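Enquirer: Quick note on the numbering used here: the sequence shown kicks off at 27 and runs consecutively. Below: one structure in structure tokens.
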Amino acid sequence: MSGQLSLMGFEAPPAAPRNDRLFFALQPSVAACEQITALGKALCETHGLHSKLIAPERLHITLHHLGDHAGVPAEVVEAAGRAAARMACPPFEVVLDHAMSFRMRRDKAPFVLRSAEGQDGALMNFQRELGLAMAREGLGHLVDARFTPHVTLSYAPRELPESPVEPLRWTVREFVLIHSLLGKGEHRVLARWPLSGATHG
Numbered sequence: 027m028s029g030q031l032s033l034m035g036f037e038a039p040p041a042a043p044r045n046d047r048l049f050f051a052l053q054p055s056v057a058a059c060e061q062i063t064a065l066g067k068a069l070c071e072t073h074g075l076h077s078k079l080i081a082p083e084r085l086h087i088t089l090h091h092l093g094d095h096a097g098v099p100a101e102v103v104e105a106a107g108r109a110a111a112r113m114a115c116p117p118f119e120v121v122l123d124h125a126m127s128f129r130m131r132r133d134k135a136p137f138v139l140r141s142a143e144g145q146d147g148a149l150m151n152f153q154r155e156l157g158l159a160m161a162r163e164g165l166g167h168l169v170d171a172r173f174t175p176h177v178t179l180s181y182a183p184r185e186l187p188e189s190p191v192e193p194l195r196w197t198v199r200e201f202v203l204i205h206s207l208l209g210k211g212e213h214r215v216l217a218r219w220p221l222s223g224a225t226h227g
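Following this line, the structure appears as structure tokens:
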């Protein structure tokens with residue numbers, strides 16, 4: 027129409043998909059990964075599940091999510107690195123002794139091994155201290171206040187009852203920052219930090 031500016035053809039481009047997830051995590055030892063995979067297979071057989079197990083190299087306990095992004099934001103990675111460098115903690119043991127399902131998400135329920143540790147356990151304390159370090163580096167809005175330590179075995183088509191399992195243990199000697207490529211089933215370790223009792227600045 028004469029005298030009026032048409033907006034047709036000037037629509038904003040669609041936002042880039044947020045397929046890049048960042049999170050702090052603990053990875054089981056090689057021996058523990060083998061035990062977890064074997065236990066996962068046995069539990070799936072017991073429950074008549076045909077769900078695909080999480081690949082051994084992707085088994086982990088998430089400590090804190092650092093968001094889903096379109097690309098990997100350098101400022102978040104740098105702040106996460108500064109927070110991680112603040113940590114001073116000796117190695118500690120993780121114990122998994124129950125299998126259970128979380129609530130259904132869409133058409134699947136995460137089937138997990140749960141940590142036996144209580145609210146005062148070393149793992150709980152480590153997660154809290156890492157959250158405090160994140161807050162000091164401007165990442166407080168990303169701190170996971172609720173923490174249920176677990177390793178996901180698979181995603182099942184139904185919820186399964188909680189059941190005890192033979193305790194599975196490993197000693198945590200490091201923690202990592204993981205870049206998960208959503209939809210591709212790929213985890214990339216961006217950085218590792220060994221545990222030690224030394225005090226950092």
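No residue lacks a Cβ here, since even glycine has one placed at the ideal position from N, Cα and C. This one's a predicted model, so the numbers in the text were calculated from it and none came from an experiment.
By Cβ distance, which residues of its chain are closer than 8 Å to Ala109, with the 5 residues on each side in sequence left out?
Expert: Leu156, Ala159, Met160, Arg162, Glu163 and Leu165
Enquirer: When we look at the beta-carbon of Ser180 and count the other beta-carbons within 10 Å, is it buried (16 or more) or exposed?
Expert: buried
Enquirer: Among the residues of its own chain, which have a CB less than 7 Å from the CB of Gly107, if the five just before and after it don't count?
Expert: Ala217
Enquirer: Name, in chain order, the residues that DSSP records as bridge partners for Met126.
Expert: Val138
Enquirer: If contacts are defined as beta-carbon pairs under 8 Å, then Ala114 and Leu69 qualify, I think. What distance do you get, rounded to the angstrom?
Expert: About 37 Å separates the CB atoms of Ala114 and Leu69; that is not less than 8 Å, and the two are not in contact.
Enquirer: Measure the C-alpha to C-alpha separation of Val215 and Leu203 and round it to an integer number of angstroms.
Expert: Whole-angstrom Cα-Cα distance: 6 Å.
Enquirer: Find the nearest neighbour of Trp196 within the set Asn45, Ala57, Ala41 and Pro43, judged by alpha-carbon distance.
Expert: Per the Cα distances, Ala57.
Enquirer: Take Pro212 as the anchor and find which of Ala41, Pro43 and Arg47 has the nearest alpha-carbon.
Expert: One detail in the question is off: residue 212 reads as Glu in this sequence, not Pro. Taking only the C-alpha atoms, the option nearest Glu212 is Arg47.
Enquirer: Measure from the alpha carbon of Thr174 to the alpha carbon of each residue in Ile80, Gly147 and Arg199, then state which is nearest.
Expert: Put simply, of Ile80, Gly147 and Arg199 the residue whose alpha carbon is nearest the alpha carbon of Thr174 is Gly147.
Enquirer: Pull up the distance between the alpha-carbon of Arg154 and that of His95, whole angstroms please.
Expert: When rounded, the distance between both Cα atoms is 24 Å.
Enquirer: Return the bridge partner residues of Val103 from the DSSP annotation.
Expert: The partner list for Val103 (beta bridge, DSSP) is empty, contrary to what the question assumes.
Enquirer: Distance, Cα to Cα, Pro187 vs Phe137?
Expert: 10 Å
Enquirer: Residues in the same chain with beta-carbon distance under 6 Å from His73, minus the five sequence neighbours each way, listed in chain order, please.
Expert: Leu186
Enquirer: What is the rounded straight-line gap between the Cα of Arg199 and the Cα of Arg44?
Expert: 31 Å
Enquirer: Which residue marks the beginning of the beta strand (DSSP E) containing Ile204, and which one marks its end?
Expert: Glu200 to Leu207
Enquirer: Please give the ranges of any beta strand (DSSP E) in the region 148-219, keeping only runs that are unbroken, at least 3 residues long and fully inside the region.
Expert: 176-182, 189-198 and 200-207
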